[in-house]
Amino acid sequence: MSDKHQSGGVTTTGHVWDNDLADFTNQPPKWWMLGLTVSALWCVAYALYYPTIPISSGQGSFTKGLGNWTAISEMEADQSVVDAVRSKYEAKLAGMTPAAILGDKELTEYVKRSGKVLFGDNCAACHGQNGVGARDKEGLIAPLLNDDDWMYGGQINAIYTSIADGRNGMMPPHKDALSEAELDTLAKAIAAGQPTSTPLFTEKNCIACHGPDGKGMHAMGSVNLTDSIWRFDSSVETIKAVIKYGVNSGDPKGRQAVMPSFKAAGKLSEADMKKLAVYVYQFGGGQPEEVAAAPAAPAETATDAAPAATAEPAAAAPIDAAPKQ
Ligand code: HEC
Ligand code: HEC
């Protein structure tokens, strides 16, 4: 189109609609052209600097870019910054006992924050995320770790020993020692949290392991049968099955319950096991090493224990102390 069309003094494309509608042929504004050019240059520069074009589907077969940048190298650089911060704590941890770590506020804070992955990778499959427990059809696979009811003791060293050396509680099968009626009576008494309410508990020698009061013994992991916290499950059916076939008893119908030794497995470093002990302690159920430490015990211990009427001397101390405040 050589001859210029005009409309009101402005050049147009020559098309006219509805008698007076025409397209102008103005150049785009300067700022817009500048933006277009800059973004085109940006694309070229970006494509040259970063890995851009896949050449074939094989690993590493792409244009590498002038900047030598890869996502992995960036991640590694970030990681080394993190490692530098962590190594300060890790070095300090290595030479300390679990109890000493627990006594150090800063280290305990560090373990609380960094232990989650370690626990998730190694423990959560059996104990549940944050120790809330995981179940199969026969009840809990492994005991809850976020309460203050312990099979083997909640002191920091007992927890460490559980992790490092493993645990393997044994209860023999009683299927031949009990009639169906006796089994029923015992199971119901235990389900109600009152094992000693039936003389069978003593007569059938359950007290040898569970203690005359039915509260269990940490030395052999014989659980407390008087509280509402269960190793396996609260149902009378499950309780009957445990009494009949036992735990780790060799009876084919018996319950298997083995806490693996992480020291023997060689899967975790000494430092990792110490961190995990502190991490588990910090779930909230950790207990002081000595009864003498009772005055420092938090007040919640007393309120928790009081309604259950299981207040022990250690738990009772803060109550006695209360009027003085
Ligand atoms: C293969 C399943 C399994 C894995 C994995 C496992 N546990 Fe256990 N854990 C158990 C079982 C089962 C018991 C109870 C043993 C028993 O019934 O005698 C237990 C007991 C414990 C106890 C003692 C609890 C108490 O009440 O005294 C602690 C503490 C513990 N585990 C911590 C850990 C930590 C920390 C890890 C990860 C490093 C871990 N466990 C990994 C199965 C497991
Ligand atoms: C040789 C010691 C021993 C004797 C005897 C024994 N128990 Fe046990 N019992 C244990 C241990 C240890 C456990 C915990 C097993 C484990 O998980 O490792 C247990 C667990 C249990 C549980 C599971 C509780 C829960 O929280 O799920 C019940 C119920 C139980 N015993 C009832 C009895 C009764 C009833 C008798 C007597 C007929 C008895 N036990 C005799 C050692 C014993």
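The opening position of the sequence shown corresponds to residue 10 in the numbering used here, with each subsequent residue numbered one higher. Here a beta-carbon is modelled for each residue, glycine too, at the ideal position from N, C-alpha and C.
According to the DSSP assignment, Thr79 belongs to no alpha helix (DSSP H), since it is labelled neither H nor E. Considering only Thr34, Tyr290, Leu43, the residue with the shortest C-alpha distance to Ala167 is Tyr290. Taking a C-beta distance under 7 Å as the contact criterion, Asp29 and Thr21 do not qualify as a contact pair.
In summary, Trp51 is exposed, with fewer than 16 beta-carbon neighbours lying within 10 Å of its beta-carbon over all protein chains present. Sequence-distant Cβ neighbours of Ile62 in its own chain, meaning closer than 7 Å and more than five residues away, are Phe71, Thr72.
If you draw a 10 Å sphere on the C-beta of Leu45, you find fewer than 16 other C-beta atoms in it, and that means exposed.
Counted as a single uninterrupted DSSP element, the alpha helix (DSSP H) harbouring Gly129 occupies residues 114 to 131. Bridge partners of Gln164 according to DSSP: Gln296. Of the candidates Ile64, Gly74, Ser48, Ser66, Gly74 places its Cα closest to the Cα of Leu57. Considered as a whole, the region 239 to 290 harbours 245 to 254, 271 to 274, 279 to 290 as its complete alpha helix (DSSP H) runs of no fewer than 4 residues, in chain order. Look at Val232: its beta carbon is at least 6 Å from all of the heavy atoms in ligand 1. Under the rule that a run must span 4 or more residues, the alpha helix (DSSP H) segments found entirely inside the region 127 to 209 read 133 to 136, 165 to 174, 189 to 200. Per DSSP, the continuous beta strand (DSSP E) segment holding His24 begins and ends at 19 to 26.
Contact between the region 81 to 88 and the region 254 to 263 is absent: fewer than 3 CB-CB pairs across the two stretches fall below 8 Å. Non-local C-beta neighbours of Met226 in its own chain, meaning closer than 8 Å and more than five positions away in sequence, comprise Cys218, His219, Gly220, ordered along the chain. Nearest neighbour of Ala103 by Cα position, chosen from Gln88, Ser278, Tyr288, Ala273, turns out to be Ser278. In the structure shown, Ser89 adopts helical secondary structure according to DSSP, grouped into three states. Counted as a single uninterrupted DSSP element, the stretch harbouring Leu30 is not any alpha helix (DSSP H) but the beta strand (DSSP E) occupying residues 30 to 33.
Nearest to Val267 by C-alpha distance, out of Asp222, Cys135, Pro182, is Cys135.
For Ser231, the pairing in a beta bridge is given by DSSP as Met226. Under DSSP, Gln15 shares a beta bridge with Thr20. Scanning Ile172, Pro152, Met179, Ser206 for the CA closest to the CA of Ala280 turns up Ile172. When DSSP states are grouped into helix, strand and coil, Pro107 belongs to the helix group.
The beta carbon of Gly140 sits closer than 7 Å to those of Leu153, Leu154, Asn155, Val289, Phe292, all from its chain and outside the five residues before and after it, given in chain order. With fewer than 16 other beta carbons inside 10 angstroms of its own, Leu43 counts as exposed.
As a beta-bridge residue in DSSP terms, Pro63 pairs with Phe71.
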